[in-house]
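Protein chains: 2
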Amino acid sequence: MTTREKAELGKLAAEASLGLGGAIKDRALEAMAEALRAGSAAVFAANEADLAESAGLAAPLLKRLLFDEAKLQSAVDGIESLRALPDPVGRVLSARLLDDGLALRQVSCPIGLVAMVFESRPDALVQMAALAAKSGNAVILKGGREAARTNSALAGIIYAAGLAAGLPERWLSTLETREEVAELLALDELVDLIVPRGSKEFVARIKAESRIPVLGHADGICHLYLHEDAEPAMAAALAVDSKAQYPAACNAAEVLLVHSAFAPRGLAAVAAALEGAGVRLDLCPRSAGILGLPGPAGAPGRSLKADGDWSVEYLDLRMAVKVVDSLDEAIAHINRYGSGHTDAIVAASRAAAGRFMDRVDSASVYWNASTRFADGYRYGLGAELGISTGKLHARGPVGLEGLCTYKWKLEGSGQVVADYASGARKFKHEDLGDGA
Amino acid sequence: MTTREKAELGKLAAEASLGLGGAIKDRALEAMAEALRAGSAAVFAANEADLAESAGLAAPLLKRLLFDEAKLQSAVDGIESLRALPDPVGRVLSARLLDDGLALRQVSCPIGLVAMVFESRPDALVQMAALAAKSGNAVILKGGREAARTNSALAGIIYAAGLAAGLPERWLSTLETREEVAELLALDELVDLIVPRGSKEFVARIKAESRIPVLGHADGICHLYLHEDAEPAMAAALAVDSKAQYPAACNAAEVLLVHSAFAPRGLAAVAAALEGAGVRLDLCPRSAGILGLPGPAGAPGRSLKADGDWSVEYLDLRMAVKVVDSLDEAIAHINRYGSGHTDAIVAASRAAAGRFMDRVDSASVYWNASTRFADGYRYGLGAELGISTGKLHARGPVGLEGLCTYKWKLEGSGQVVADYASGARKFKHEDLGDGA
């Protein structure tokens, strides 16, 4: 079957899914979880074959590729927690009586056909298929080549289980090759949304190659700004957590901005805490002047950051440090060099924090909290589709609502616009309240 | 100034606008309305010069180009009603206590820099500038060439009034030439959204030429479906209103779908009503068989629609008619040939209407109401930015909220993720309710 045929059938499946009730979708999720348990031997065998072929890969990649009993359990747990969430479809977002017997409701509904393209991890396939099923979208999945056998085994089990439980034919399809992905990216009249998961180069390439809207983020250039009245111990603790708690995450801070009135009294303690956590510092000339180079013996080391490139994403135990002279200079720096992901201020002043949170043009803006909180589970969304740095549709950590749109349902009793145009009737526009 | 420089300054203005309170924005709207009144002589003179140069244009185009006392009054009224609306920025969309002293709020905010590109009508410039000011977005406007002098006079007055009232420098810029628009369409790293207003060819061209998200609709291929149990008098009244109340509108119905069990008993009456309103009918073979050709003397005429192209948008007193054998055939037809704008069912059965409204994949789906209700004012949105047939961000008639996004504001007291990762602390995830 060609990629276009898969997309055309996916679009029909999406239309058929528009009428699915929550009970069928939840039964499908239950069936998927059961089928994964029942079919685990075949999945593990496929995964062993994938691992054998990839034996030369680096250990972290192999760890991501591995799909064992623990990964299965976590995938099944994920499906079950998704099942426990309320149906994201059919929520009444607003309701208004336009006139007697003429009621308008704005109601959430699935988007349609969603493509989810990701690098290697086979557990992502299970999670994404389950998100699609819960939200009533049809999905086309493409996983990493290294995991081809595992993905194929997982997709086959999940598709059949969903189909048997009442999801429509072709609610899930898979692509195998890069060429098929390239074909899919051109089908903007059939595919409503792409959700890529992978390295920033991977996401950037998909954004560049397609006209289909992309939900995701390419860069996570996050900042922690220490205001003049920051409390040094809190500043140090938040710097260490934001940078070093999991440096490879997109919400790890990459740049520390320090107010020039804070630096003389607090920067040394913050730097010592960061270096104590193994962080190497790239210093602007002013911070280098305050801290000194090359830093204490035994520390990870300091160096002068002279290149002026502040759009850095180390994803490693390394952090850039820059002294600024004002709150507004920090805000301007973040808006210029940041990626609109997550940025935090450490400050005692509520006014300064408010100005920072209003004016920093990022998806998540924090006052006295670690940038690492930017995460769908930590936000309490129940499930995470991804983190979006785009400003339209969904922004920041995105749960199931990122796979939903809405439509306007108007129920009348024969009303015509001519009566309102002539003045024979007037609109009432009475708010019926949410959920009406 | 180059187009890129205008966009770069617009982006800075957008950042400066992020902190604007509702009072300043409303004062700016008030100042604009006053300045338009005070400067009306210059606008009328500019408009006379535009009209003189366009003397050869057709009467409807000249009418759109005209900016006289009545258009001024209506523009000022529009600004004042916009001013009366609540601030769309700063609304708390959700609020959740993640843990003691760690509160997350999802808060509406402006999108940033919006480009609004429209054909001739100068009154659209006033409306769009006012929408941008109320929502705190910076805006780049490009109006039709024929109205260049009028647009320039209006934009000059509005910009100066907004600036004096506290909007940031360059909150509004204008483009003059098609070449500048082409340059703007390429600046997807600076411009967050394009709102085009004009013919469907105009909107389609902008969509095709830019990677910037577009909020609008190219086609309005709307359907009215008469179910088997439709009441003939209601069917006739809704057909006439949907088609003939204002045939050039995007929400006018273009195709009448008729259930084969309704046609023998009701189609003749519906056709007579349509023809009585001056509508020419393009009939499928089955409807032609029922109604007969060429139709009664003195009527606008009937013809056989043999080309099979059901994606027709007449925008005129002309309507296609097709007999279908089931509700599901009607739904499939609409999803295949429609444009996702507005589609209506006339039916007695709530079950049939519910299935139609669930499964028709359009922005607005109606039961026993005219398609002509699809309009921001009729929906009670207070202001209309446009009608979107896209599924992401905003769908259907869009008010001020189409110019807003949201950000996540987290206020803590020094919390770090490490404490939650280690299990030392647990998330509470208590809903604080909207507006908290």
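Here the protein sequences come in this chain order: P and X.
Residue numbering for the first sequence follows my numbering, starting at 1 and increasing by one per position.
Residue numbering for the second sequence follows my numbering, starting at 1001 and increasing by one per position.
Glycine included, each C-beta is placed from N, C-alpha and C at the ideal position.
For clarity, every value in this text was computed on a predicted model and none was experimentally measured.
Taking Ser17 of chain P as the centre and dropping the five residues before and after it, the same chain places the C-beta of Pro110, Gly136, Asn137, Ala138, Leu167, Pro168, Trp171 closer than 8 Å to its C-beta, in chain order. Note on Ser388 of chain P: 16 or more other CB atoms within 10 angstroms of its CB, so buried under the neighbour-count rule. For the stretch 1195-1221 of chain X, the set of positions with a beta-carbon nearer than 8 Å to some beta-carbon of chain P reads Arg1211, Pro1213 in chain order. Taking Leu1163 of chain X as the centre and dropping the five residues before and after it, the same chain places the C-beta of Glu1169, Trp1171 closer than 8 Å to its C-beta, in chain order. Residue state for Gln73 of chain P is assigned as helix, using DSSP reduced to three classes.
A residue is called buried when at least 16 other Cβ atoms come within 10 angstroms of its Cβ; Gly1010 of chain X meets this threshold and is buried.
When CB distances to chain X are screened at a threshold of 8 Å, the residues of the stretch 409-420 of chain P falling below it are Lys409, Leu410, Glu411, Gly412, Ser413, Gly414, Gln415, Val416, Val417, Ala418, Tyr420, in chain order. Within the stretch 370-392 of chain P, Ser370, Arg372, Phe373, Ala374, Arg378, Tyr379, Gly380, Lys391, Leu392 place their CB atoms closer than 8 Å to a CB of chain X, listed in sequence order. Using a Cβ distance threshold of 7 Å, Val1321 of chain X and Leu1293 of chain X do not count as a contacting pair.
For Asp316 of chain P, there is no enclosing alpha helix (DSSP H), as DSSP marks it with neither H nor E. Contiguous alpha helix (DSSP H) elements confined to the stretch 1005-1067 of chain X occur at 1022-1038, 1040-1053, 1059-1065, taking only those with 4 or more residues.
Contacts with chain P at 7 Å (Cβ-Cβ) include Ser1364 of chain X. Boundaries cannot be given for Ile111 of chain P, as no beta strand (DSSP E) includes it and DSSP labels it neither H nor E. If you look at Lys1409 of chain X, you'll find it in the beta strand (DSSP E) that goes 1404-1415. Taking a 10 Å sphere around the C-beta of Met1128 of chain X, we find 16 or more other C-beta atoms and assign the residue as buried. In the structure shown, Leu1267 of chain X falls within a helical segment according to DSSP collapsed to helix, strand and coil.
Going by DSSP, Lys142 of chain P is part of the beta strand (DSSP E) stretching over 138-142.
Asn1151 of chain X: member of the alpha helix (DSSP H) spanning 1148-1164, first to last residue. Taking a C-beta cut-off of 7 Å against chain P, the contacting residues of the stretch 1230-1248 of chain X are Met1234, Ala1237, Leu1238, Asp1241, Gln1245, listed in chain order.
Contacts with chain P at 7 Å (Cβ-Cβ) include Glu1015 of chain X. Taking a cut-off of 8 Å on C-beta distances, the stretch 416-423 of chain P does not touch the stretch 222-232 of chain P, as fewer than three cross pairs fall below it.
Around Thr405 of chain P, the beta-carbon contacts reaching into chain X at under 8 Å are Lys1391, Leu1392, Arg1395. With its beta carbon at least 7 Å from every one in chain P, Arg1105 of chain X lies outside the interface. Contact check for Thr1342 of chain X against Arg395 of chain P fails: the beta carbons are separated by 7 Å or more. Here Asp99 of chain P is buried: its Cβ has 16 or more other Cβ atoms, across all protein chains shown, within 10 Å.
Neighbours of Arg96 of chain P across chain X, judged by C-beta separation under 8 Å: Tyr1379, Gly1380. Contact note: Leu102 of chain P reaches chain X through Ala1369, using a C-beta cutoff of 7 Å and chain order.
Of all C-beta pairs linking the stretch 1023-1035 of chain X to the stretch 349-365 of chain P, fewer than three are shorter than 8 Å, placing the two stretches out of contact.
Taking C-beta separations shorter than 6 Å and ignoring five residues to either side along the sequence, the partners of Ile1334 of chain X in its chain run His1223, Asp1343, Val1360, following chain order. Between His1393 of chain X and Leu141 of chain P, the CB-CB gap reaches or exceeds 7 Å. The C-beta distance from Ile194 of chain P to Ala130 of chain P rounds to 18 Å, too long to meet the 8 Å contact threshold.
Here Tyr1159 of chain X is buried. Its C-beta has 16 or more other C-beta atoms within 10 Å. Scanning X:Ser1210, X:Gly1382, X:Gly1156 for the CA closest to the CA of Leu1082 of chain X turns up X:Gly1382. Taking the Cα of Arg1178 of chain X as reference, the smallest distance to any Cα among X:Gly1022, X:Gly1156, X:Ile1206 is reached at X:Ile1206. Annotation: the continuous beta strand (DSSP E) that includes Leu256 of chain P extends over 253-259. Partner residues in the beta bridge of Asp431 of chain P, as assigned by DSSP, are P:Arg96.
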